[in-house]
Amino acid sequence: MSTTSQAGTANGLAQYHPLVIEGMGGYDPRTPAPVAARIAAQLRTRWTLDPPTKPVLLITQGDPIEERGISAITRLVADELNLPRALIFLDTAIADYHKPNADRYKVIMEIPYSDLASVLSHTMPSTLGAITDAIENQLAIKNNQRRALGKPPLQDYYQTFALLQEVTKAACRQLCGAVTVAHTSHTISDFSITSFYTVGLALGLIDTAEVMSYHE
Numbered sequence: 004m005s006t007t008s009q010a011g012t013a014n015g016l017a018q019y020h021p022l023v024i025e026g027m028g029g030y031d032p033r034t035p036a037p038v039a040a041r042i043a044a045q046l047r048t049r050w051t052l053d054p055p056t057k058p059v060l061l062i063t064q065g066d067p068i069e070e071r072g073i074s075a076i077t078r079l080v081a082d083e084l085n086l087p088r089a090l091i092f093l094d095t096a097i098a099d100y101h102k103p104n105a106d107r108y109k110v111i112m113e114i115p116y117s118d119l120a121s122v123l124s125h126t127m128p129s130t131l132g133a134i135t136d137a138i139e140n141q142l143a144i145k146n147n148q149r150r151a152l153g154k155p156p157l158q159d160y161y162q163t164f165a166l167l168q169e170v171t172k173a174a175c176r177q178l179c180g181a182v183t184v185a186h187t188s189h190t191i192s193d194f195s196i197t198s199f200y201t202v203g204l205a206l207g208l209i210d211t212a213e214v215m216s217y218h219e
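Structure (structure tokens):
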């Protein structure tokens with residue numbers, strides 16, 4: 004199934020309950036179908052006990068189409084739960100390749116990162132700076148750990164995509180009043196973009212009850 008996506012504004016998200024799925028990219032060695040089925044089953048159980056008060060919208064963050072990993076898994080979850088998707092993309096000035104290469108399967112709206120950053124700047128003025136500082140602090144810690152292990156520092160894009168991840172969730176929660184965050188793996192590498200999910204939790208932007216761990 005394909006849909007026609009259209010440019011949207013961040014305020015358009017407010018009518019939905021956002022579902023953000025986080026996990027490994029195309030390097031994930033697992034077959035995506037069983038992973039997606041497991042996530043969908045966990046979400047059904049979760050939402051049977053505590054149903055969202057708005058229609059669910061699966062939020063994607065510009066991942067290109069791949070056979071494995073987050074891109075493949077989110078496609079399958081969208082099919083399993085019959086969910087539309089929204090695309091949050093990095094502005095051209097940040098990463099000109101991001102929007103053109105993004106998967107648009109079932110995407111009904113496309114929103115630039117800058118719109119979500121603006122939501123936080125206007126409604127929670129100190130938040131964007133706090134997220135940025137916390138991510139920089141985490142990068143320093145992780146790079147010190149890597150140095151001790153004889154590994155090179157994390158690449159520069161980590162900060163950009165960690166910001167995309169955490170700003171997306173914080174702004175969605177601010178706009179929609181709630182969010183569901185689902186992980187695709189029980190064990191999360193300390194040196195992954197996903198691992199920066201602790202930033203939103205530590206800052207109180209996401210509640211631990213809103214994060215669904217993956218269970219094998």
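First residue of the sequence shown: 4, per this note's numbering; consecutive thereafter.
Heads up, the beta-carbon is just placed ideally off N, CA and C, and yes, glycines get one too.
Worksheet item: Which partner residues does residue 215 have in the DSSP bridge list?
Response: Answer is 185, bridged to residue 215.
Discussion item. Mapping the DSSP letters down to three states, classify residue 88 as helix, strand or coil.
Written reply: DSSP places residue 88 within a strand segment (E or B) once states are collapsed to three.
Worksheet item: Per DSSP, which one or two residues make a beta bridge with residue 110?
Response: In the DSSP output, where bridge partners are listed per residue, residue 110 has 88.
Worksheet item: Where residue 147 and residue 54 are concerned, what is the direct C-alpha to C-alpha distance, given to the nearest angstrom?
Response: The C-alpha of residue 147 lies about 42 Å from the C-alpha of residue 54.
Discussion item. According to DSSP, simplified to helix, strand and coil, what is residue 12?
Written reply: In the structure shown, the three-state DSSP call for residue 12 is coil.
Worksheet entry | Cβ contact (3+ pairs, closer than 8 Å) linking the segment 27-41 and the segment 65-76 | Yes, the segment 27-41 touches the segment 65-76.
Practice prompt. May I ask which residues mark the beginning and end of the alpha helix (DSSP H) holding residue 144?
Written response: That run of the alpha helix (DSSP H) goes 130-151.
Practice prompt. Give the C-beta separation of residue 196 and residue 165 to the nearest angstrom, bearing in mind that I take them to be a contact with Cβ-Cβ under 8 Å.
Written response: Sure, about 6 Å apart at Cβ, within 8 Å.
Discussion item. I need the boundaries of the alpha helix (DSSP H) containing residue 48, first residue and last residue.
Written reply: Looking at the DSSP string, the run of the alpha helix (DSSP H) that includes residue 48 is 35-52.
Discussion item. Tell me the rounded alpha-carbon separation between residue 192 and residue 49.
Written reply: Approximately 25 Å, taken between the alpha carbons.
Discussion item. Measuring alpha carbon to alpha carbon, tell me which residue in 96, 83 and 105 is nearest residue 221.
Written reply: This structure gives no information on residue 221, because the portion of the chain shown stretches from 4 to 219.
Worksheet item: Which whole-angstrom value describes the C-beta separation of residue 206 and residue 133, a residue pair presumed to lie in contact below a C-beta threshold of 8 Å?
Response: Taking 8 Å as the upper bound for CB-CB distance, residue 206 and residue 133 are in contact here, some 6 Å apart.
Worksheet entry | Alpha carbon of residue 99 to alpha carbon of residue 115, nearest angstrom | Each residue's alpha carbon lies about 12 Å from the other.
Discussion item. Once the 5 residues before and after residue 120 are set aside, which same chain residues still bring their CB inside 7 Å of it?
Written reply: Cβ within range, chain order: 131 and 170.
Fill in: Residue burial classification, residue 189 (beta-carbon count within 10 angstroms, cutoff 16)
Under this definition residue 189 is an exposed residue.
Worksheet item: Rounded to whole angstroms, how far is the Cβ of residue 16 from the Cβ of residue 179, which I believe are closer than 8 Å?
Response: Their Cβ separation, rounded to whole angstroms, is 6 Å, which keeps residue 16 and residue 179 in contact under 8 Å.
Discussion item. Just list the residues that DSSP pairs residue 24 with in beta bridges.
Written reply: Partner(s): 185.
Item to complete: Give a yes or no on whether the C-beta atoms belonging to residue 60 and residue 19 are separated by under 8 Å.
Response: It is a contact, given that the beta carbons lie within the stated cut-off.
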